[in-house]
Amino acid sequence: MSDTARTETKKRSAEAEVLAEFWHYFSENRGAVIGLFVFVALVLIAILAPIVAPHSPTQQYRDALLQPPVWADGGTATFLLGTDAVGRDILSRLIYGARFSLFIGVVVVTLSLTIGISLGLIAGYVGGWLDTLIMRVMDVILAFPSLLLALVLVAILGPGLMNAMIAIALILQPHFVRLTRAAVMSEKNRDYVTAARVAGAGPLRLMFKTILPNCMAPLIVQATLSFSNAILDAAALGFLGMGAQPPTPEWGTMLAESREFILRAPWVVTFPGLAILVTVLAINLMGDGLRDALDPKLKRS
Amino acid sequence: MLRFLLSRIGLLIPTFIGVSIVAFSFIRLLPGDPVLLMAGERGLSEERHAELLKQFGFDRPIWEQYWDYLLGIFQGDLGFSIVTKKPVIAEFFALFPATVELSLCAIVLAVLIGIPVGIIAAVKRGSFFDHTVMTTALVGYSMPIFWWGLLLIILFAGILQWTPVSGRISLIYFFPQVTGFMLIDSLLSGQAGAFRSAVSHLILPSIVLATIPLAVIARQTRSAMLEVLSEDYVRTARAKGLSPFRVISVHALRNAMIPVITTIGLQIGVLMAGAILTETIFSWPGIGKWMVESISRRDYPVVQGALLMVATIIMLVNLVVDMLYGLINPSIRYAR
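As you go down the protein sequences, you meet chains Z and U in turn. Position one of the first sequence corresponds to residue 69 (this note's numbering), numbered consecutively onward. Position one of the second sequence corresponds to residue -17 (this note's numbering), numbered consecutively onward.
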């Protein structure tokens, strides 16, 4: 075995060890494991939506308007969770809705994470007036109630799912900036960074390859929290008519469409909200587990 | 203390300028001509259009416009609503008490339940009570409150018919709005049943708005208590033979409350965001509902004014919380 191959194996086994240790702490938290299972199930449902869903999410069955779920009086097995006011199958709409919610979460977290980390690295590493400017702008964003700022941004950009995601990403990224900056400030004068600098590493390499990997733990936890916040905020915008537009089967939009039927047909309101709650809860449970597993202060070794 | 106060106010100035720039830019960032936007669908003649552009100062350099806007703010001029033609600031203060009343009830509810429950959960760590509280808190924290409000309406206003569906008070009562707070005004009116009606209208919205702060406060109290309970001075107090109640309520609680107070202060923003949804669901005539309606009515001067007012009020509340924090914890006051 050549030298490079040997170090490669050694590196890989070290990585496996870290993963094993992580899983050990993560799996100690029963809630986190349950959350992970629910989340994986949701991802599978979202991917397999065309196969799992019994009906098309937009097909209107005109002879089955506001049909109650199968277990209630007048419900049929054709529509397991009943139908909405224009005769669409609620279960199928919920299944397709999972796609939107997870998509929203992924896009928003990716956007706010990349922008937030970059700004945070620059603020923390470069410092000076650039740091002051970035952090004051973040203070201003945080001075507004998040949902209010998102609403106003959507009013500027125009209602719609894409614009809602951009608005939510913007209001969530200050948290990433602050976390990254704080972590960078505490790391940048450590010996290993100085060593890398003396060895000739450029500022970009120092920022992204040397310092950033050592700041990841709080960022991962924050990313999970932001994922669930993004889903909640997007649903709230949809509920206020400023997010995804009908007939998109987005959960918040479904709730908005069904508001006038709450007393006549409670099921059209109950299930979309339940779907939001279960998804957000599963992600938050995972977040708690991640925090316990990644936070060295809480590790009981 | 004065120096601490001044340094905190100094920190607020750049944020306030930023907030005013955001509010100022809002109307100018909207796609299309601001005057045409305000005119709405009725349309305008050419001359009237030019006249209005001049009147609003849109033809002048941008920094001059901003300076005028800033001067206006300090004279209490936030422009006029397009729909009602009334000054935005007057409308804001007419609706503000309703939001304050709801938010106060919600935060009081959250504190009165959240802190004791968090303390008990920490003291009885690992017990059935602890697990139940923490699970419930996580569910509350994950709750889409607009849906939660609808569920409560279905159950308590629809099926059980215990509470009204929406509004602040039953329409059969009519009395002068002395303070703007329905609970106080209905008491002052002396009308039989008015106070009860006001209370019953407040219950569901308060519960909905309190849900997330309650969950956050309970979790924060528990973890702050757990941290403090493992400190040496708590062990010393126990070893001295003090009663468990005294150790918890005097020695541990005081120090555990410091992070909890910060958390409560941070909930102001959460409450305002929550008020947007809660007020919309319960037709509560406050700032949140007003803003949502103004956005959909394209009443942009209202949105602009309210944006500035809400952010400024949150900043001021946070300043007060910072001051309280400095009072409780001297090490912060003398830190710099």
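No residue lacks a Cβ here, since even glycine has one placed at the ideal position from N, Cα and C.
C-alpha distance - residue i paired with residue j, whole-angstrom precision
i: residue 42 (chain U); j: residue 36 (chain U); result: 8 Å
i: residue 369 (chain Z); j: residue 214 (chain U); result: Note on residue 369 (chain Z): pLDDT 35, under 50, position unreliable in the model; no value is reported.
i: residue 143 (chain U); j: residue 241 (chain Z); result: 43 Å
i: residue 230 (chain U); j: residue 238 (chain U); result: 10 Å
i: residue 247 (chain Z); j: residue 291 (chain Z); result: 11 Å
i: residue 353 (chain Z); j: residue 174 (chain U); result: 49 Å
i: residue 155 (chain Z); j: residue 333 (chain Z); result: 13 Å
i: residue 296 (chain U); j: residue 289 (chain U); result: 11 Å
i: residue 231 (chain Z); j: residue 302 (chain Z); result: 10 Å
i: residue 126 (chain U); j: residue 189 (chain Z); result: 33 Å
i: residue 160 (chain Z); j: residue 134 (chain Z); result: 15 Å
i: residue 278 (chain U); j: residue 153 (chain U); result: 26 Å
i: residue 204 (chain Z); j: residue 250 (chain Z); result: 15 Å
i: residue 318 (chain Z); j: residue 51 (chain U); result: 40 Å
i: residue 305 (chain U); j: residue -13 (chain U); result: 7 Å
i: residue 97 (chain Z); j: residue 90 (chain Z); result: 12 Å
i: residue 250 (chain U); j: residue 299 (chain U); result: 8 Å
i: residue 308 (chain U); j: residue 206 (chain U); result: 18 Å
i: residue 179 (chain Z); j: residue 224 (chain Z); result: 19 Å
i: residue 225 (chain U); j: residue 100 (chain U); result: 20 Å
i: residue 275 (chain U); j: residue 221 (chain Z); result: 15 Å
i: residue 67 (chain U); j: residue 209 (chain Z); result: 30 Å
i: residue 168 (chain Z); j: residue 306 (chain Z); result: 12 Å
Residue i - containing alpha helix (DSSP H), residue span
i: residue 156 (chain U); result: No alpha helix (DSSP H) contains residue 156 (chain U), which DSSP labels as neither H nor E.
i: residue 276 (chain U); result: 269 to 279
i: residue 290 (chain Z); result: 284 to 307
i: residue 233 (chain U); result: Taken as a continuous stretch (DSSP letters only), residue 233 (chain U) belongs to no alpha helix (DSSP H), as it is neither H nor E.
i: residue 328 (chain Z); result: Neither: residue 328 (chain Z) is in no alpha helix (DSSP H) and is coded neither H nor E.
i: residue 107 (chain U); result: Per DSSP, residue 107 (chain U) belongs to no alpha helix (DSSP H) and is neither H nor E.
i: residue 335 (chain Z); result: 334 to 362
i: residue 305 (chain U); result: 282 to 310
i: residue 170 (chain U); result: 164 to 171
i: residue 134 (chain U); result: 127 to 134
i: residue 47 (chain U); result: 44 to 56
i: residue 117 (chain Z); result: 117 to 120
Local conformation of residue i per DSSP, three classes
i: residue 118 (chain U); result: helix
i: residue 248 (chain Z); result: helix
i: residue 157 (chain Z); result: strand
i: residue 90 (chain Z); result: helix
i: residue 317 (chain Z); result: coil
i: residue 178 (chain Z); result: helix
i: residue 213 (chain Z); result: coil
i: residue 126 (chain Z); result: coil
i: residue 69 (chain U); result: strand
i: residue 144 (chain Z); result: coil
i: residue 151 (chain Z); result: strand
i: residue 75 (chain U); result: helix
i: residue 27 (chain U); result: coil
i: residue 105 (chain Z); result: helix
i: residue 62 (chain U); result: strand
i: residue 207 (chain U); result: helix
i: residue 227 (chain Z); result: coil
i: residue 268 (chain Z); result: coil
i: residue 213 (chain U); result: coil
i: residue 2 (chain U); result: helix
i: residue 369 (chain Z); result: Only weak support exists for where residue 369 (chain Z) lies, its pLDDT of 35 falling under 50; the value from the coordinates is given anyway. Reduced to three states, the DSSP call for residue 369 (chain Z) is coil.
i: residue 145 (chain U); result: coil
i: residue -3 (chain U); result: helix
Rounded Cβ spacing between residue i and residue j (contact assumed at less than 8 Å)
i: residue 304 (chain Z); j: residue 259 (chain U); result: 6 Å
i: residue 202 (chain U); j: residue 61 (chain U); result: Rounded, the Cβ-Cβ distance is 40 Å, inconsistent with contact.
i: residue 350 (chain Z); j: residue 173 (chain Z); result: Their Cβ separation, rounded to whole angstroms, is 11 Å, which puts residue 350 (chain Z) and residue 173 (chain Z) out of contact at 8 Å.
i: residue 187 (chain U); j: residue 266 (chain U); result: 6 Å
i: residue 212 (chain Z); j: residue 257 (chain U); result: With a Cβ gap of about 13 Å, residue 212 (chain Z) and residue 257 (chain U) do not count as contacting.
Check: residue i C-beta below 7 Å from any heavy atom of the ligand ADP
i: residue 214 (chain Z); result: The ligand content of the structure shown is nil, which means the ligand ADP is not present either.
- Message: By the 8 Å beta-carbon criterion, what residues does the region 135 to 169 of chain U contribute toward chain Z?
- Response: Here the close residues are 135, 136 and 140.
- Message: Using a Cβ-Cβ cutoff of 7 Å, what residues of the region 212 to 226 of chain Z are near chain U? List them in chain order.
- Response: Going along the region 212 to 226 of chain Z in chain order, one finds 212, 213, 214, 215, 216, 219, 220, 223 and 224 with a Cβ nearer than 7 Å to chain U.
- Query: Using a beta-carbon distance cut-off of less than 9 Å, what residues from the region 233 to 262 of chain U approach chain Z?
  - Reply: Under the 9 Å Cβ criterion, the region 233 to 262 of chain U contributes 250, 251, 252, 253, 254, 255, 256, 257, 258, 259 and 262.
- Task: With 8 Å as the C-beta to C-beta threshold (strictly closer), list the residues of the region 192 to 205 of chain Z near chain U in chain order.
- Result: Listed by position along the chain: 204 and 205.
- Query: If you measure beta-carbon to beta-carbon, which residues of the region 98 to 123 of chain U are closer than 7 Å to chain Z?
  - Reply: For the region 98 to 123 of chain U, the residues whose beta carbon sits under 7 Å from a beta carbon of chain Z are, in order, 120, 121 and 123.
- Item | Interface positions of the region 284 to 309 of chain Z facing chain U (Cβ-Cβ less than 8 Å), listed along the chain | Listed by position, the residues of the region 284 to 309 of chain Z near chain U (Cβ gap below 8 Å) are 296, 300, 303, 304, 307, 308 and 309.
- Which residues, taken in chain order from the region 323 to 335 of chain Z, show a beta carbon closer than 8 Å to some beta carbon of chain U? Those would be 323, 327, 330, 331 and 334, in chain order.
- Of the residues that make up the region -9 to 16 of chain U, which ones have a beta carbon closer than 7 Å to any beta carbon in chain Z? Interface annotation for the region -9 to 16 of chain U against chain Z: -4, -3, 0, 1, 4, 8, 11 and 12, criterion Cβ-Cβ distance under 7 Å.
- Taking a cut of 9 Å between CB atoms, which residues from the region 175 to 187 of chain Z lie near chain U? So nothing in the stretch comes that close.
- Quick one, which residues of the region 192 to 211 of chain U are near chain Z if we go by CB-CB under 7 Å, in chain order? For the region 192 to 211 of chain U, which is checked against every Cβ of chain Z, not one residue is closer than 7 Å.
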